[in-house]
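Asker:
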Amino acid sequence: MSTRLKKADGILIVFILFIAAAIFIWYDAGREQGQVVVVQVSGKEMARFPLKEDRTYTIKGKDGGSNYMLIKDGKVRVDDASCPDLLCKKQGAISQVGQSIICLPNQVVIAIQGEGAKTDATAG
Amino acid sequence: MQRPDSRKKEAEEKLSDGKKAQPFYKKVPLYGMLVALAMVLSYVEAQIPVFYYVPGMKLGLTNLVIIMALYRLGEKDALLLNMLRIVLVSITFSNVYSLWYSLAGGILSFIVMVLLKKTQKFSVMGVSVAGAVAHNFGQILVAVTVLSNSMLLYYFPVLLLSGTVSGFLIGLLGAKLMKHINYGG
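Quick note, the sequences are listed as chains A and B, same order. Under our numbering, the residue at position 48 of the first sequence is numbered 48, and the numbers go up by one with no gaps. Under our numbering, the residue at position 47 of the second sequence is numbered 47, and the numbers go up by one with no gaps.
Dropping the structure here:
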């Protein structure tokens with residue numbers, strides 16, 4: 001089996017890198033400081049909080065799972081969770097519009113929205 | 001320049017024909033070992049935490065077995081091995097929800113690899129890169145559907161890059177291994 005690259009390989013790789021770069025640039029253009037934290041479980045919105053106020057919130061995920069969410073200094077992150085891999089914690093803090101923290105086992109999505117979004121501080 | 005190339009291709013075709021004619025009792029132990037190998041590689045990969053910072057990012061060690069099966073044993077048998085290892089790995093190492101991610105990624109990746117291989121214009125590395133990227137794409141589609149959140153696509157460019165690098169390395173490793181291993185003999 002030859003380990004030499006063919007012309008089509010090069011075209012394929014350049015094509016993939018081009019698409020990746022295009023999506024990166026597209027995301028970057030729409031980037032702004034977020035205002036609202038939206039918590040979704042299984043696609044349904046559970047709560048939303050202003051990003052400016054420091055607070056903690058325990059998200060009840062699917063099948064009894066939970067994620068411990070922390071809003072501090074205009075950023076949100078997950079500090080602890082019931083899932084074994086703790087991917088949500090490793091994803092770190094987010095603050096930009098369009099960014100999100102995702103926990104697949106608990107089907108939890110924490111997303112940041114911009115100024116236009118309404119805030120319901122009483123939720124949860 | 002063309003003759004040795006075409007002769008090599010002929011030899012390869014003969015080889016895979018020979019493999020297909022293998023009796024069932026010879027296939028069972030070989031395929032059993034290959035599925036076991038794929039499972040072990042999945043487990044080994046799960047022990048490397050650095051690839052888990054972005055959901056879906058991975059090395060794709062298991063694809064080494066699948067891509068070698070695709071080139072050496074033919075499409076049908078590679079598909080069989082692929083399905084077996086997806087189901088067995090999901091049952092053994094993870095939970096049911098991950099089965100859908102693996103199935104979507106595994107099947108899409110397999111279709112893309114078979115199609116690219118058939119054009120005969122791509123090397124093993126090219127086929128592997130396309131397979132890796134298709135795998136990421138399939139998984140992200142399932143994630144978008146399950147979580148009904150299109151923001152997951154945010155991760156796609158990162159996965160495109162990681163998939164290209166890991167797919168290339170796995171393809172290169174596979175091509176080098178296939179030079180030296182003539183399994184089923």
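For every residue, glycine included, the Cβ atom is placed at its ideal position computed from N, Cα and C. This structure is a prediction, so every number in the text was calculated from the model and none was measured.
1. Quick one: what does DSSP say A/C88 is sitting in, helix, strand or coil?
2. So which residues of chain E does B/L37 contact, with C-beta pairs closer than 9 Å?
3. For the beta strand (DSSP E) containing A/N67, name the first residue and the last one.
4. Between which two residues does the alpha helix (DSSP H) harbouring B/E45 extend?
5. By how many angstroms is the C-alpha of B/L108 removed from the C-alpha of B/A132?
6. Quick one: what does DSSP say B/F122 is sitting in, helix, strand or coil?
7. Between which two residues does the beta strand (DSSP E) harbouring A/I59 extend?
8. Relative to chain B, which residues along the stretch 7-36 of chain A have a C-beta separation below 8 Å, given in chain order?
9. Using 8 Å for Cβ pairs, my map puts B/S42 next to B/V89. What's the rounded Cβ distance?
10. Ignore the nearest five residues each way along the sequence and tell me which others in B/H135's own chain have a CB closer than 8 Å to its CB.
11. Buried or exposed: which applies to B/P29, given that a residue is buried once 16 or more other Cβ atoms fall within 10 Å of its Cβ?
12. Can you check the stretch 89-161 of chain B for any alpha helix (DSSP H) of at least 4 residues that lies completely inside it and give the ranges in chain order?
13. Below 8 Å on the Cβ atoms is my guess for A/C83 versus A/G65; work out the distance and round it to an integer in Å.
14. Counting contacts by CB-CB distance shorter than 8 Å, is A/T56 in contact with chain B?
15. Answer yes or no: do A/V108 and A/V38 have a C-beta to C-beta separation smaller than 8 Å?
16. Could you tell me whether the Cβ of B/K176 comes closer than 8 Å to any Cβ of chain A?
17. Could you tell me the boundaries of the alpha helix (DSSP H) in which A/I16 lies?
18. On the three-state DSSP scale, how would you describe A/E45?
19. Here's the rule I'm using: 16 or more other beta-carbon atoms within 10 Å means buried, otherwise exposed. How should B/I170 be labelled?
20. Below 8 Å on the Cβ atoms is my contact criterion, and I expect A/I112 with A/G43 to pass it. Report the Cβ-Cβ distance as a whole number of Å.
21. Measure from the C-beta of A/G64 to each C-beta in chain B and report whether the shortest distance is under 8 Å.
22. Using a cut-off of 9 Å between C-beta atoms, extract the partners of B/V129 located in chain A.
23. Could you give the distance in angstroms between the alpha-carbon of A/K7 and the alpha-carbon of B/I67?
24. When the Cα atoms are used, what is the spatial distance from A/I110 to A/A29?
25. What does A/V97 reach in chain B if we use C-beta pairs closer than 9 Å?
26. Can you list the residues of chain A that B/M125 reaches, using a CB-CB cut of under 7 Å?
27. Within 10 Å of its beta-carbon, does B/Y101 have 16 or more other beta-carbons around it, so buried, or fewer, so exposed?
Answerer: To lay it out plainly:
1. Helix, per DSSP.
2. Protein chains A and B are contained in the structure displayed, whereas chain E is not.
3. Where A/N67 is concerned, the enclosing beta strand (DSSP E) stretches over 66-72.
4. Taken as a continuous stretch (DSSP letters only), the alpha helix (DSSP H) holding B/E45 covers 24-46.
5. About 10 Å.
6. DSSP places B/F122 in the coil class of the three-state scheme, outside both helix and strand.
7. Residues 55-60.
8. Within the stretch 7-36 of chain A, the residues whose Cβ lies closer than 8 Å to some Cβ of chain B are K7, A8, D9, L12, I13, I16, L17, I19, A20, A21, I23, F24, Y27, listed in chain order.
9. Yes, B/S42 and B/V89 are in contact; Cβ-Cβ is about 5 Å, under 8 Å.
10. When the five nearest sequence neighbours on each side are left out, the beta carbons in the same chain lying within less than 8 Å of the beta carbon of B/H135 are those of G60, N63, G105, G106, L108, S109, G163, in order along the chain.
11. Burial call: exposed.
12. Within the stretch 89-161 of chain B, the complete alpha helix (DSSP H) segments of 4 residues or longer fall at 96-119, 124-147, listed in chain order.
13. Rounded, the Cβ-Cβ distance is 6 Å, consistent with contact.
14. Not closer than 8 Å to any Cβ of chain B, the Cβ of A/T56 fails to qualify, so no.
15. The answer is no: Cβ separation not under 8 Å.
16. Closer than 8 Å: yes.
17. For A/I16, the enclosing alpha helix (DSSP H) stretches over residues 7-29.
18. DSSP, reduced to helix, strand and coil, places A/E45 within a strand of the structure shown.
19. Under this definition B/I170 is a buried residue.
20. Your pair A/I112 and A/G43 does not check out as a contact, with CB atoms roughly 17 Å apart and the cut at 8 Å.
21. Taking Cβ atoms only, chain B never reaches closer than 8 Å to A/G64, which makes this a no.
22. D9, L12, I13, I16, listed in chain order.
23. So the two alpha carbons sit approximately 20 Å from each other.
24. Between the alpha carbons of A/I110 and A/A29 lies a gap of roughly 21 Å.
25. Contact note: A/V97 does not reach chain B at a C-beta cutoff of 9 Å; the least C-beta distance is about 10 Å.
26. Result: L5, D9.
27. So B/Y101 ends up on the buried side.
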